[in-house]
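Comments concern the structure below.
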Amino acid sequence: MHPKDSLQDTAAWFGLLDQEQQTRVRHDVQFTHYTAGAMIERKGGQAYAWIGVHAGLVKVSVGNPEGKMASLTGVPVGGWIGEGSLLKHEARKYDVVALRDSVIARLPESTFNWLLDSSIPFNRYLLHQLNERVGQFIGKAEYDRLLAPDARVARCLAELFNPLLYPGKGEMRLDITQEEIGFLARTSRQRTNQALRALEDAQLLKVEYGAVQVLNLDGLKSYGQ
DNA sequence: TCATTAAATTGTT
DNA sequence: AACAATTTAATGA
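This note's numbering applies: residue 3 is where the first sequence begins, and numbers increase by one.
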């Protein structure tokens, strides 16, 4: 099946549009495949499109010339990012990297702005998303510094399962390897493995082969606090 | 459908 | 970081 036929599945806002708007979006959206580790957007680059994760898994990070990387966010299928740079007409503020083979959807800036002008539901959706992001960012400021690795892993997972930002069909299960979780939480794979089993003992989630299933999302959010 | 093999992921040191 | 064990995916009878 062609990717454009499944926009409905990976863009929660698509269903909010009327026929004309859907037609134009379907026509304007472009899909690009990235292999694991590939740089999707560079910090400093001009923002010309809204970025949607159609398949795979992506991380947002800000790297510095040293090995040090600042805090980052994972974005699973269904997540749309980069509207900040688009709205403010700025250069990209973060790097976007494919954690595994991924398909990225790009909605051109002109189309994005056209939707902003023509669709109230779309505006409402964006407002919702921005508000949710602020909350996430504030939470991150607290836990990022002085929290045990277990708690960092817990928070990273809680973010990935945010049902508002990433509507994964209400499914509390995500295909992600422990190595990938390690990249997001900035923990070694071994430490991630330990953390996951600690969280499993706490009945917060279930670890599966190449996937995790969340049992208690609120418990994850507040783990270690 | 089942058995065999390779590849990916996890568990342990 | 290296290695062993386990799970999944692919292949062919």
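Quick reminder that beta carbons are idealized off the backbone N, C-alpha and C, glycines included.
Note that the structure is predicted; figures quoted are calculated from it, not measured.
Inter-stretch contact at 8 angstroms, needing at least 3 Cβ pairs: the segment 102 to 109 / the segment 49 to 62
yes
Anyone know if the C-beta pair for D97 and K45 falls short of 7 angstroms?
yes
Under 7 angstroms Cβ to Cβ from P78, same chain only, skipping five residues before and after it: list those, please.
V55, L59, L162, Y168, G170 and L176
Quick check on this structure: which residue in S190, G81 and G39 has the alpha carbon closest to the alpha carbon of F16?
G81
Compare the beta carbon distance of L206 and V214 with 7 angstroms and say whether it is the shorter of the two.
no
Going straight from the alpha carbon of L198 to that of A204, what length do you get?
10 angstroms
Would DSSP call A13 helix, strand or coil?
coil
Taking K223 and A160 to be in contact with their CB atoms under 8 angstroms, please state how far apart those CB atoms are, rounded to whole angstroms.
4 angstroms
My assumption, with CB atoms under 8 angstroms, is that R102 sits in contact with A51. Please give the rounded CB distance.
The Cβ separation is near 22 angstroms, so there is no contact.
Determine the direct distance from the alpha carbon of L201 to that of A40, and round the result to whole angstroms.
31 angstroms
Strand pairing of A107, partner residues [DSSP]:
F33 and G54
At what residues does the beta strand (DSSP E) containing Q215 begin and finish?
A213 to V216
For Q227, the three-state DSSP class (helix, strand or coil):
coil
Coil, strand or helix - I178 by DSSP:
coil
Starting from G86 and walking both ways along the alpha helix (DSSP H), at which residues does that stretch end?
E85 to L89
Pull up the DSSP beta-bridge partners for S63, would you.
D97
Candidates S63, W116 and L186, of which the one nearest A156 by Cα:
L186
Extent of the continuous beta strand (DSSP E) to which V79 belongs
Neither: V79 is in no beta strand (DSSP E) and is coded neither H nor E.
Tell me whether K142 sits in a helix, a strand or coil according to DSSP, three-state version.
helix
R191 versus Q138 - alpha carbon distance
24 angstroms
Any idea what DSSP makes of L206, helix, strand or coil?
coil
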